[in-house]
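Here is the structure we will look at.
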Amino acid sequence: MAAPLTVVLIVAVTVRACLFRSSLADLIAERVEVVSPLNAWKRVVEGLALLDLGVSPYSGDVFHETPLIIYLFHFLVDYAEITFMVSSLSSHIVLYCLLLSLIVTSCCLFVDRYLLNPFTVLSCVAKSTCGLNNAIVALFILSTIKKNALLSAIFLALSTYQSIYPVTLCAPAVLYLLQRQYIPVNVRWASFWWFLLQYAFMYLGSLFVIICLSFFLLGSWDYLPSVYGFILSVPDLTPNIGLFWYFFAEMFEHFRLFFLCVFQINVFFYTIPLSIKLKEHPVFLIFMQLAVISIFKSYPTVGDIALYMSFLPVWSHLHRFLRNIFLVSCVLLACSALFPVLWHLWIYSGSANSNFYYAITLLFNVAQILLVSDYFYAFLRREHHLTYGLYLKRKDGSEATLVLK
Amino acid sequence: MAEQRFRVYVCVRVGACVCMCLGLCVWVMCGCGRAHPKDDFQEELVIRPLQSGDVYASFQFRTLWETDFMKGNKVSHYRLFPKSLGQVISKFSVRELHISFTQGYWRTMQWGQPFMPSPPVTDHRFLRYATLPREIVCTENLTPWKKLLPCGSKAGLAVLMKSEKLFHSSFHSQAVHIRPVCQDSECTTTSWELRQTLNVVFDLHTSGQGKREWSLFKMFSRTLTEACPLASSSKIYIDITDNPQGEQFELTPATHLLSQAVVLGDRRTFSVYDLTEANTFGSMRSLNLLIRWKSSEGDMLRPLLHAERYVAGYGLQTGEIHTLMYNYHPFRSFPILLLDSVPWYLRLYIHTLTVTSKGKDNKPSYIHYQPSKDRVRPHLLEMLVQLPPNSVTEVTVQFERALLKWTEYTPDPNHGFYVGSSVISALVPSMVAMDTNNTKERPLFSSFFPCKEESSYFVRIYTEPLLVNLPTPDFSMPYNVICLTCTVVAVGYGSLYNLLTRSFQIEEPNPRLAKRIANVIRRLRGVPPLA
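One line per chain: the protein sequences are A and B, in this order.
Residues in the first sequence are numbered consecutively from 1, following full-length UniProt numbering.
Residues in the second sequence are numbered consecutively from 1, following full-length UniProt numbering.
Dropping the structure here:
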């Protein structure tokens with residue numbers, strides 16, 4: 001039975017408040033799995049301190065947040081804990097409304113996965129700005145589902161402005177809105193192009209406005225290389241749960257640019273094939289895109305994982321077609337437990353080296369890829385059964401097995 | 001632990017183009033033919049026995065040359081001034097140059113303040129400051145340094161500088177300082193001054209074999225036979241301030257020449273040996289000064305300003321740099337300027353900067369901070385802090401250690417990375433008033449920075465360099481890492497590719513191998529296949 005929303009909110013607030021007041025808050029804020037150079041709270045405070053000293057925060061290489069974050073926290077720096085708690089709760093409420101409108105069956109168990117997910121709790125207690133990014137993405141999805149194209153474009157622009165990767169969510173948003181307006185996705189239809197143009201105009205217009213606003217905030221374009229150049233060129237090799245850091249720490253200089261391009265294209269590359277395959281199912285496409293971004297982005301953290309994992313209850317009806325769920329959940333749990341252990345062994349004890357931590361990173365990412373591809377397989381299989389029936393028979397009448405060919 | 005550092009200060013001003021009229025040109029050319037500018041060379045050696053039984057020897061060689069490298073007329077005739085340095089100065093329009101090579105750490109609390117000359121403050125826009133903490137100083141550095149002297153290492157005080165004894169010491173530092181000085185008080189003409197200094201501290205136990213008896217032969221394995229013929233003055237000063245009646249140590253051969261000078265706010269008395277006088281060398285034609293200790297009492301004047309620096313914290317992720325500054329003056333407080341240049345791979349967090357004196361917060365009156373850019377420039381922190389009397393001021397700042405690319409690590413990466421010393425400059429209030437008249441007669445070491453202000457003297461002290469460990473990747477693994485990571489990306493690509501390009505079909509069962517071969521043969525024969 002689904003717990004009432006208010007109970008979940010109260011429990012979540014209590015857990016977070018207790019952790020904020022304990023000594024674990026400082027410990028969690030330093031963990032590399034939870035914060036990255038892009039969204040650490042320590043760096044936000046450092047940027048504000050540099051601004052107080054009269055130095056541009058972007059003149060050094062320690063601050064990589066957007067100017068709107070500076071503007072926001074200039075007023076809210078003393079209420080940081082409340083800000084992050086509120087953003088966490090609002091993401092949850094948004095996702096709750098979202099999932100209620102999306103869930104196919106009436107069996108809506110554990111709709112509250114976002115707030116009580118330990119990854120989200122860690123991310124909130126560490127005051128990582130990933131929580132704010134997640135809230136914006138959640139608002140974008142909600143406004144798309146509620147068929148509000150303008151708000152959807154604005155939130156998507158804001159989300160792209162924060163970290164470049166959500167630009168791939170344009171495709172599912174457009175597909176969903178077209179579907180709801182009964183415009184077929186066909187290049188020969190004028191209304192298709194007309195709607196596409198409208199959405200692109202709204203999206204690019206809001207993005208342009210936000211970028212110009214950021215320019216006027218600090219009076220210079222310094223933030224463009226500091227934020228977007230940093231995300232794309234990955235100069236900081238601080239260990240995290242992603243694949244980039246060790247790869248580029250050990251890369252031969254000659255091939256660095258090539259592999260950088262390969263890895264960055266890898267994130268954007270699945271948009272078009274997935275959109276073509278899933279053009280009838282834009283909501284699943286959003287989930288797939290979010291998952292691909294969270295796994296293959298340059299500085300992932302557990303907060304990004306929490307976002308796409310909160311969507312899993314929507315496809316609880318796919319459970320009968322999932323093949324590897326037990327293996328995947330065991331590996332994810334084991335890796336989450338091993339990350340801090342091997343980090344301690346490498347950095348503090350000195351009895352392990354970086355390879356141990358790197359191995360767990362690899363395993364964690366393989367598990368995530370398996371999870372996502374498993375859900376995709378289950379989705380496609382269910383679609384096939386919806387078309388051809390659940391119990392299939394071969395020509396001779398015996399029970400058939402389905403394979404991908 | 002031996003620390004080595006190599007420090008350079010260069011001040012460059014872009015040379016201005018000077019137009020000359022024809023008459024002036026002719027006058028200058030005629031003038032050049034008649035007499036070349038005057039140059040003057042002086043050498044001196046100061047020996048100060050230290051309270052701990054060690055002995056501190058400081059050589060200073062000064063060449064003063066009335067010429068101007070900046071005016072545009074090429075200087076071609078070099079006499080006492082080394083040509084290699086003159087060409088560098090004129091080519092790059094260098095205004096001031098200070099290079100020093102140091103090995104070892106100066107223990108201020110045991111040895112007192114060094115005579116290290118401190119360069120005066122210049123126009124900050126043209127000041128370039130560099131430090132190389134990991135470089136090793138060896139004979140290869142000493143030999144060209146000796147070659148810059150007019151007499152080389154053949155005559156004068158430079159014969160004492162033999163590398164096997166010099167490098168077997170607790171501390172040695174050789175330096176070159178070039179700057180323009182005013183000829184008179186109105187500064188109508190300037191001449192170029194080149195000072196070469198060599199400071200060395202010999203340890204009681206390593207070089208002295210435990211006996212509190214020092215002689216020129218024991219320190220340098222040489223004795224002096226003559227002064228440099230090109231020197232206008234060649235003197236040896238022995239610091240006898242702590243020995244007014246000869247009760248602490250005995251000095252042979254005895255000398256009646258005495259000199260007094262105020263050095264670093266302290267009035268010191270020196271016995272002087274003039275090497276230009278023939279009777280200094282005695283009947284043996286060689287001078288071997290001998291200092292024999294009789295008693296080991298007496299205390300040393302504690303320096304008023306002392307600084308230390310260390311890294312705190314554990315693990316390879318974060319750390320803290322602590323700089324401690326001690327002000328031992330009983331009632332006066334004075335401001336100090338702290339300059340810190342921290343490499344980029346230690347990411348400083350300036351919001352964690354705290355300055356405390358006597359347990360209370362001490363806000364600096366001026367902070368200039370330039371954050372680092374990865375792989376381009378280091379952090380630069382400059383602060384003006386007021387040190388309260390008789391107190392310890394602690395400056396702490398937290399940092400995070402970066403993981404570098406595998407090619408950016410030095411050989412033996414687990415040795416650690418050096419962080420250059422921080423520089424503390426201060427005007428320390430003096431206990432003794434300084435006599436600013438009669439600058440010509442004073443020893444060289446006290447005339448480097450003629451202080452007009454009678455109640456304070458300028459001092460620049462350097463803290464020890466730090467050694468910090470960074471997390472390292474596994475250097476044997478580049479190929480493996482590339483393969484494994486690309487495999488994971490390929491797993492993702494492969495799964496998604498399969499799901500995107502293939503569709504579900506009902507599987508037709510595969511007949512057994514024997515049946516399949518039979519079917520193939522049947523097809524060849526033209527016979528219908530089996531079921």
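All C-beta atoms, glycine included, are put in the ideal place defined by N, C-alpha and C.
This structure is a prediction, so every number in the text was calculated from the model and none was measured.
| Query | Result |
| --- | --- |
| Span of the beta strand (DSSP E), counted from its first residue to its last, around residue 238/B | 233-239 |
| Cβ-Cβ distance between residue 540/B and residue 335/B below 8 angstroms | In the structure as shown, chain B starts at 1 and stops at 531, and residue 540/B therefore has no counterpart that could be examined. |
| Residue 153/A: first and last residue of the uninterrupted alpha helix (DSSP H) it sits in | 149-162 |
| Proximity test, Cβ basis, 8 angstroms: residue 384/A and chain B | yes |
| DSSP three-state assignment for residue 117/B, whether helix, strand or coil | For residue 117/B, the pLDDT reaches just 46, beneath the cut-off of 50, and the residue's location in the model is therefore unreliable, although a value from the coordinates is still provided. Coil, per DSSP. |
| N- and C-terminal bounds of the alpha helix (DSSP H) containing residue 340/A | 325-343 |
| Residue 429/B - DSSP class collapsed to helix/strand/coil | strand |
| Within chain A, partners of residue 351/B - CB distance below 7 angstroms | 45, 46 and 49 |
| Chain A contact for residue 342/B (CB, 8 angstroms cutoff) | no |
| 3 or more residues per run - each beta strand (DSSP E) lying fully within the region 334-405 of chain A | 402-404 |
| Against chain A: residues of the region 256-272 of chain B by CB proximity under 7 angstroms | none |
| Chain A within 8 angstroms of residue 463/B, Cβ atoms only | no |
| Alpha-carbon to alpha-carbon, residue 174/A and residue 196/A | 7 angstroms |
| Rounded straight-line distance, which links the Cα of residue 390/A to that of residue 318/A | 13 angstroms |
| Coarse secondary structure for residue 54/A, derived from DSSP in three states | coil |
| For residue 323/B and residue 396/B, the rounded distance between their alpha carbons | 6 angstroms |
| Three-state secondary structure assigned by DSSP to residue 21/B | With a pLDDT of 33 at residue 21/B, under the threshold of 50, the modelled position of that residue is not reliable, and the figure given next carries that caveat. Residue 21/B falls in the coil class under three-state DSSP. |
| Distance between beta carbons of residue 35/A and residue 427/A, contact taken as under 8 angstroms | Summary: the structure shown does not reach residue 427/A, with chain A confined to residues 1 through 405, and so no result is reported for it. |
| Residue 236/B: contacting residues in chain A (beta-carbon distance under 7 angstroms) | What residue 236/B touches in chain A: nothing, since even the nearest Cβ is about 51 angstroms away. |
| Residue burial classification, residue 406/B (beta-carbon count within 10 angstroms, cutoff 16) | buried |
| Backbone secondary structure at residue 519/B - three-state DSSP | helix |
| Residue-chain proximity (residue 22/B, chain A), Cβ-Cβ < 8 angstroms | Low per-residue confidence applies at residue 22/B: pLDDT is 36, beneath 50, and the placement is therefore not dependable, though the value from the model is reported in the following sentence. No, because no Cβ of chain A sits closer than 8 angstroms to the Cβ of residue 22/B. |
| The region 79-91 of chain A touching the region 4-24 of chain A, judged by at least three CB pairs closer than 8 angstroms | yes |
| DSSP-derived helix/strand/coil call for residue 149/B | coil |
| Proximity to residue 456/B [Cα-Cα], best of 148/B, 177/B and 333/B | 333/B |
| Contact under 8 angstroms by Cβ, residue 136/A with residue 101/A | no |
| 7 angstroms CB neighbourhood of residue 169/B in its chain, flanking five on each side removed | 200, 201, 202, 203 and 207 |
| Where residue 309/A falls: helix, strand or coil (DSSP) | helix |
| Within-8 angstroms CB hit, residue 491/B to chain A | yes |
| Backbone secondary structure at residue 40/A - three-state DSSP | coil |
| Per-residue contacts from residue 488/B into chain D (C-beta, under 7 angstroms) | The structure shown contains no chain D; its protein chains are A and B. |
| Integer Cβ distance of residue 288/B from residue 215/B, believed to fall under 8 angstroms | 6 angstroms |
| Buried versus exposed, by CB contacts within 10 Å (16 or more), residue 351/A | exposed |
| Exposed unless 16 or more other CB atoms sit within 10 angstroms - verdict on residue 319/B | buried |
| Contact set between residue 347/A and chain B, taken where Cβ atoms lie within less than 8 angstroms | 315, 316, 317 and 471 |
| 8 angstroms Cβ cutoff met for residue 311/A and residue 287/A | yes |
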